[in-house]
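Peer 1: The structure under discussion is supplied below as structure tokens; questions concerning it will follow.
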Amino acid sequence: MKIILGITGGIAAYKAAELVRLLVKKGCEVEVVMTDAATRFITPLTMQALSGRPVRLTQWDDMAHIDLSRGAEAILVAPATADFIAKIAQGHASDLLSSLCLARNCPLFLAPAMNRQMWDNPASRRNLAQIREDGVHVVGPLEGVQACGETGMGRMAEPDEIASAVLSSLSPKILSGKKFLVTAGPTLEAIDPVRVITNLSSGKMGYAVAQAALASGAQVVLVSGPTCLPRPIGAKFVPVASAREMRDAVMANVGGSDVFVSVAAVADYRVANPSSSKIKKGGTLTLALEPNPDILQEVANMKNPPFCVGFAAETGNLEENALLKMKRKNVPMLVGNLAQDALGRDESEIVIFGSGGGAKRLPRAAKTKLAAQLVEEIARAIS
Ligand code: CTP
């Protein structure tokens with residue numbers, strides 16, 4: 140997806156660096172266009188390094204304002220200053236970025252950032268109302284402490300929120316009206332108040348599945364073990380620690396779900412008698428373990444189960460083990476991956492096994508991309 144990222148001259152321009160990084164990570168080709176004022180806040184070199192492409196600064200090089208907007212799927216201006224919003228409201232074409240916006244044939248997103256009094260000024264209110272009426276998407280702003288030291292409305296929305304607003308709005312809504320329940324991350328099983336048994340799951344694949352389902356228009360509940368990842372914006376987020384907590388959260392939310400995607404690396408065992416005080420060292424320590432509930436199996440064997448998708452993390456014999464697991468758990472779709480190639484990484488390689496006996500191999504790619512392909516596969520299966 141090609142996106143033009145316009146940067147105008149406000150202090151929030153420093154956040155555009157993070158924004159371009161996020162968009163590139165999500166697979167976008169980002170063409171950065173900066174106004175002269177923006178270059179006073181952040182250098183074109185920084186933006187060139189992060190986008191991997193030359194930064195456009197002037198309209199006098201060529202007919203770039205036409206060419207650029209022709210190939211783009213969206214123009215996003217972040218930060219958009221009060222002055223730039225006024226230009227868009229009036230249809231000015233006084234620099235490259237405003238010309239591009241006027242000559243576009245793709246959606247325009249603006250992330251306003253300005254001092255709270257500028258934001259409250261009737262002229263800004265009028266301009267905002269006008270651009271909204273013209274079909275421009277406005278993301279943010281937020282309330283909070285501003286660079287000038289004042290507190291109020293006008294802080295630019297956070298980069299992850301802007302990226303996800305733009306990407307979600309551009310995705311086809313093939314899952315609108317559908318409800319997804321997704322589990323992600325590891326679980327923690329207490330040994331004593333300060334020690335746990337856990338695993339190396341990062342939660343990246345589960346969060347990517349939740350994000351991809353949201354982007355396709357689904358309503359999403361994400362039940363997550365502890366991770367370091369930002370919560371997907373727009374999902375109902377249910378944080379849990381142990382497998383039993385995860386099971387209870389899943390059962391409390393499964394009603395009305397169309398799809399259950401069980402991505403979490405649930406601990407199969409828990410400590411039978413966790414100590415209520417810190418265990419002191421000395422000699423050999425033996426822990427007795429007892430089995431945890433199998434959440435996926437329980438959901439798949441409900442009376443009217445949602446469409447269940449399991450994940451099989453194996454270290455070998457992927458196909459054979461995955462097919463056995465699919466049968467044992469009674470699920471119509473199972474995603475197999477090799478744990479050593481996937482755990483904690485940004486990329487993976489998966490095989491999607493369907494109940495019809497087919498196996499679809501998706502070559503190594505970013506988990507965000509694989510998740511989008513998997514969600515498309517699920518959408519096809521439930522349609
Ligand atoms: N799963 C679950 N509850 C468990 C264990 C696993 O819901 N207690 C789910 C996982 O979320 C995944 C699928 O079952 O979707 C398979 O998980 P995996 O760890 O690969 O398999 P296990 O069933 O645990 O079998 P084994 O560890 O013997 O390979």
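Residue numbers for the sequence shown follow the numbering used here, beginning at 140 and rising by one.
Ideal placement from N, C-alpha and C gives every residue a C-beta, glycine not left out.
Given the structure is predicted, the values throughout are model-derived calculations rather than measurements.
In its own chain, which residues sit with a C-beta less than 6 Å from the C-beta of Ile372, not counting the 5 before and 5 after it?
Peer 2: Shown here for Ile372: same chain residues with a beta carbon closer than 6 Å to its own, the five before and five after excluded, namely Glu300, Ser303 in chain order.
Peer 1: Taking 8 Å as the threshold, find out whether the stretch 508 to 520 comes into contact with the stretch 335 to 353 through three or more Cβ pairs.
Peer 2: yes
Peer 1: Does DSSP put Phe319 in a helix, in a strand, or in coil?
Peer 2: strand
Peer 1: Three-state secondary structure (DSSP) at Glu488?
Peer 2: It is a strand residue.
Peer 1: Judging by CA-CA distance, which residue of Asp175, Leu247, Arg334, Glu488 is the nearest neighbour of Ile142?
Peer 2: Leu247
Peer 1: Is it buried or exposed, Thr507, if we count other Cβ atoms within 10 angstroms and call 16 or more buried?
Peer 2: buried
Peer 1: Say the cut is 8 Å; is the CB of Thr366 nearer than that to a heavy atom of ligand 3?
Peer 2: Ligand 3 is not part of the structure shown, which contains ligand 1 as its ligands.
Peer 1: Taking Gly210 as the reference, give the member of Asp407, Arg195, Arg243, Asp200 with the closest Cα.
Peer 2: Of the residues Asp407, Arg195, Arg243, Asp200, the one whose Cα lies closest to the Cα of Gly210 is Arg243.
Peer 1: So does Phe319 have its beta carbon nearer than 8 Å to some heavy atom of ligand 1?
Peer 2: no
Peer 1: Between the stretch 397 to 412 and the stretch 320 to 331, do three or more beta carbon pairs fall short of 8 Å?
Peer 2: Result yes; three or more Cβ-Cβ pairs closer than 8 Å.
Peer 1: For ligand 1, any of its heavy atoms closer than 8 Å to the Cβ of Ala510?
Peer 2: No, the beta carbon of Ala510 sits no closer than 8 Å to any heavy atom of ligand 1.
Peer 1: How is the beta strand (DSSP E) around Gln142 delimited, first residue to last?
Peer 2: Note that residue 142 corresponds to Ile in the displayed sequence, not to Gln. Per DSSP, Ile142 belongs to the beta strand (DSSP E) from 141 to 146.
Peer 1: Just grab the DSSP bridge partners of Ser263 for me.
Peer 2: Looking at the DSSP output, Ser263 bridges to nothing.
Peer 1: Indicate, with yes or no, if ligand 1 has a heavy atom lying under 8 Å from the CB of Val171.
Peer 2: no
Peer 1: List the endpoints of the continuous beta strand (DSSP E) containing Ile301.
Peer 2: Counting along the chain, Ile301 falls outside any beta strand (DSSP E), though it belongs to the alpha helix (DSSP H) covering 298 to 309.
Peer 1: Which residues bound the beta strand (DSSP E) around Thr290?
Peer 2: Where Thr290 is concerned, the enclosing beta strand (DSSP E) stretches over 290 to 294.
Peer 1: Hey, quick one: how far does the alpha helix (DSSP H) through Cys240 stretch, first residue to last?
Peer 2: 235 to 241
Peer 1: Given Glu429, which residues of its chain have a CB within under 7 Å of its CB, disregarding the five upstream and five downstream residues?
Peer 2: Tyr408, Arg409, Ala411
Peer 1: In chain order, what are the residue ranges of uninterrupted alpha helix (DSSP H) at least 4 long that sit wholly in the stretch 377 to 433?
Peer 2: The DSSP assignment places complete alpha helix (DSSP H) segments of no fewer than 4 residues inside the stretch 377 to 433 at 382 to 392, in order along the chain.
Peer 1: Quick check: is any heavy atom of ligand 1 less than 8 Å from the C-beta of Thr322?
Peer 2: yes
Peer 1: Which residues bound the beta strand (DSSP E) around Lys499?
Peer 2: 498 to 505
Peer 1: Report the rounded CA-to-CA distance for Leu161 versus Gly191, giving the unit in angstroms.
Peer 2: 13 Å
Peer 1: Which class does Val470 belong to by DSSP, given the choice of helix, strand or coil?
Peer 2: Assigned with DSSP and collapsed to three states, Val470 falls in coil, not helix or strand.
Peer 1: Do the stretch 193 to 202 and the stretch 335 to 343 make contact, defined as three or more Cβ pairs closer than 8 Å?
Peer 2: no
Peer 1: Pull every residue with its beta-carbon under 5 Å away from any heavy atom of ligand 1, and keep them in chain order.
Peer 2: Ser401, Ala403, Val405, Asp407, Asn431, Asp433, Ile434, Leu435, Gly449, Phe450, Ala451, Ala452
Peer 1: State yes or no: is the C-beta of Pro471 within less than 9 Å of the C-beta of Glu488?
Peer 2: no
Peer 1: List the endpoints of the continuous alpha helix (DSSP H) containing Asp480.
Peer 2: 478 to 481
Peer 1: Taking the alpha helix (DSSP H) that Phe223 belongs to, which residues open and close that run?
Peer 2: 221 to 229
Peer 1: Taking Val159 as part of the alpha helix (DSSP H), name the residues at either end of that continuous run.
Peer 2: That run of the alpha helix (DSSP H) goes 154 to 164.
Peer 1: Drop a sphere of 10 angstroms on the beta-carbon of Thr423, count the other beta-carbons inside from all chains shown, and report buried for 16 or more, exposed for fewer.
Peer 2: exposed
Peer 1: Exposed or buried, what is Lys154 when buried is set at 16 or more other beta-carbons lying within 10 Å of its beta-carbon?
Peer 2: buried
Peer 1: For Arg386, I'd like the list of residues in its chain whose CB is within less than 6 Å of its CB, leaving aside the five on either flank, ordered along the chain.
Peer 2: Pro432, Ile434
Peer 1: Between Ala357, Ala380, Ala268, which lies nearest to Pro365 when the distance is taken from Cα to Cα?
Peer 2: Ala380
Peer 1: Quick one: any contact between the stretch 223 to 243 and the stretch 269 to 286, if contact means 3 or more CB pairs under 8 Å?
Peer 2: yes
Peer 1: Here's the rule I'm using: 16 or more other beta-carbon atoms within 10 Å means buried, otherwise exposed. How should Gly279 be labelled?
Peer 2: Buried.
Peer 1: So, using beta-carbon positions, are Glu282 and Met295 closer together than 9 Å?
Peer 2: no
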